[in-house]
Amino acid sequence: MLDLIRNYLKNINRVRYEIICLSNIGRRKMVKVITYGTFDLFHEGHYRLLQRAKALGDYLIVGVTTENYDKARGKLGVVDSVITRIENVKKTGFADEVIIEESAGQKFNDIKKYHVDIFTVGSDWTGYFDYLNDCCKVVYLERTRNISSTMLREQRHRIMRIGIIGNGRIANRFIPEVRLVSGISVQGVYNPHSHSARQFAKKWEIDAYEDIEQFYCAVDAVYIASPHKTHYGYIIEALKHGKHVLCEKPMVLQKNQAVEAYVCAKEHGVVLFEGIKTAYCPGFQKLLGIACSGVIGNIRNVEACFTKLEHKDSRELTDLRYGGSFIELGSYVMLPILKLMGVDYERFFFDSIKGDNGLDLFTKVTLRYKTGLATATCGLGVKSEGRLLIAGTKGYIVVEAPWWKTSYFEVHYEDVGRVDKYSEVFLGEGLRYEIGEFLFRINRGVKDDFKLTRGESVALAGIMEQFLKEMRGI
Ligand code: CTP
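Residue numbers (the numbering used here): 5 to 478.
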């Protein structure tokens, strides 16, 4: 009996002791730590960073970057989706909470919002986040040597060698941009005018090829930046050589050619990609997301305008077959229309103001859909306010020029006092986004072409064909 009583008292004392311990923990301030990263192709460096970050306190919050944020800050070529990257962070067991990092400047607010005591990142960022010392302690943890996501990405896929066909103005803009995308490098240039190719090659320190067969042997992919009329021939030839193709817009000027080219790419197991840079930039992606989210109701009208005054002697205003405002700028103005209203228009109608040589200086295309209208306007000889307007049943979105490099847009409603503002970074010439996407599709074998679908690309070629037929009889 005595034993029983003794045991009973012992148990009561133990429970009392545990309650006291717990209440003491409650009193001691919990130390919250926060860290951020992309955590792509999760590796030992990430693991050790998280382990040490957790050891700095009691509760670890890990911010994982979104795909758009990475693209916006110029980190292109991230392999794992944000979901995979979050899962990998969770699997370590060190993170008590995982949050999404969407923009620069978010860190400061997160620290306040989550009452963070310690901010930590690897020593590759030493000094960079000292400004956060005002709101918490900043700790730079020594980076694990000889391992990084960039290194793993490069080991996974050998560097893609891209060759350029045609070396006009756009090719000069392409090279500095391609150099910012990891995993791809410019091998050389081909131009039947070999003198021009040699000069270009010298300027950019790449190889010049006079023989196109040698050129195809030396590359894995081609960027076609030659005159419009030559696109189709080069595309088919390159695809048949088993090369991935990134072609400047407009890719081709006939619907059948676009269909044939995509079939040919499929047969040869390579990627064919139309380079309309707007389609791949993060701001335009955000715009499409907001427009389709229902905040402006059902979309009833899209108006897109892009004008750029050109000298009367420029190629754009002198090439009687393939010059003129619509061939030059039509891909841009048709893009938001096809993305938002679709490819199944009921009818469309062109009208142009022409110059003395018959080329269109200013063109308007009106499309009628079952549920709405759209107007595309472009000009090389008439200047207008280049804006994109998307009207819906609850509100409208306006994007001022240069909307084709989308970085800011506003959503307006019936209540004029309410305006939602959105912004997104657009870096450099923006070609880096399309190059990054092109490489992503090659390396990942991604069939998903939602940013610019085959159907949209084919529809675009069909509209160009119709325009040439009606306005030029070609
Ligand atoms: N980190 C580390 N040691 C490494 C690599 C990364 O301590 N060898 C740390 C970084 O300093 C950062 C966190 O892990 O605090 C997430 O880094 P992240 O940029 O996602 O990884 P990297 O391998 O540096 O990626 P990348 O090569 O794409 O820059």
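Glycine included, each C-beta is placed from N, C-alpha and C at the ideal position.
Distances from the alpha-carbon of Val-66 to those of Asp-348, Gln-110, Glu-441 put Gln-110 closest. Taken from the Cβ of Ile-228, every heavy atom of ligand 1 lies 6 Å or farther away.
Assignment of beta-bridge partners to Tyr-144 by DSSP yields Val-125. Straight-line measurement puts the Cα of His-232 at about 15 Å from the Cα of Ser-461. Per DSSP, the continuous alpha helix (DSSP H) segment holding Cys-221 begins and ends at 216 to 222. Val-193 places its beta carbon 7 Å or farther from that of Asn-176. Approximately 5 Å separates the beta-carbon atoms of Val-306 and Leu-344; this is inside 8 Å, confirming the contact.
In this structure, the straight-line span from the alpha carbon of Ala-308 to that of Gly-334 is close to 10 Å. Around the beta-carbon of Ile-168, 16 or more other beta-carbon atoms lie within 10 Å, marking it buried. Around the beta carbon of Val-420, a 10 Å sphere encloses fewer than 16 other beta carbons of the protein chains shown; the residue is thus reported as exposed. Ranked by Cα distance from Tyr-349, the options Arg-304, Phe-444, Phe-178, His-315 are led by Arg-304.
Within the segment 128 to 183, the complete beta strand (DSSP E) runs of at least 3 residues fall at 141 to 145, 164 to 169.
Secondary structure at Leu-472: helix, using DSSP grouped into helix, strand and coil. Excluding five sequence positions before and after Leu-456, the CB atoms of its chain that fall closer than 7 Å to its own CB belong to Glu-278, Ile-280, Ala-283, given in chain order. When DSSP reads this structure, Asp-424 sits in a beta bridge with Val-415. Shown here, Leu-464 sits in a helix according to DSSP, grouped into three states. Counting along the chain, Lys-358 sits inside the beta strand (DSSP E) bounded by residues 351 to 358. One alpha carbon belongs to Lys-253, the other to Lys-58, and they sit about 50 Å apart. Between the alpha carbons of Phe-454 and Lys-398 lies a gap of roughly 26 Å.
Ligand 1 has no heavy atom closer than 6 Å to the beta-carbon of Leu-184.
Closest in C-alpha terms to Ile-87, from the list Thr-69, Val-190, Ala-222, Ala-262, comes Thr-69. Counting of Cβ neighbours within 10 angstroms places Phe-204 among the buried residues, the total reaching 16 or more.
Of the residues assessed, Phe-353 falls on the exposed side of the cut-off, its CB having fewer than 16 other CB atoms within 10 angstroms. For Lys-36, the uninterrupted beta strand (DSSP E) run begins and ends at 36 to 41, by DSSP. Annotation for Gly-399: the continuous beta strand (DSSP E) segment containing it runs 399 to 403.
Put simply, the backbone Cα of Leu-53 is about 30 Å away from that of Tyr-437. Ranked by how close their Cα comes to the Cα of Gly-293, the residues Asn-72, Lys-33, Tyr-220, Leu-45 have Asn-72 in first place.
Under a 10 Å Cβ-count criterion, Asn-195 is classified as buried, with 16 or more other Cβ atoms of the shown protein chains found around its own Cβ. His-245 is positioned such that its CB atom lies no closer than 7 Å to that of Val-274.
The DSSP assignment places 329 to 345 as complete runs of the alpha helix (DSSP H) inside the segment 315 to 393, in order along the chain (cut-off: 4 residues). Note: Leu-80 is not bridge-paired with any residue in the DSSP secondary-structure output.
A check of alpha carbon separations from Leu-393 across Leu-435, Tyr-326, Asp-317, Leu-291 identifies Leu-291 as the nearest. Within the segment 260 to 297, the complete beta strand (DSSP E) segments at least 3 residues long are 276 to 279, listed from N- to C-terminus. DSSP lists Asn-305, Tyr-400 as the bridge partner or partners of Ala-395.
Relative to ligand 1, the nearest heavy atom lies less than 6 Å away from the CB of Leu-53.
Look at the beta carbons and you see the segment 123 to 131 not touching the segment 74 to 83: under three pairs across the two are nearer than 8 Å.
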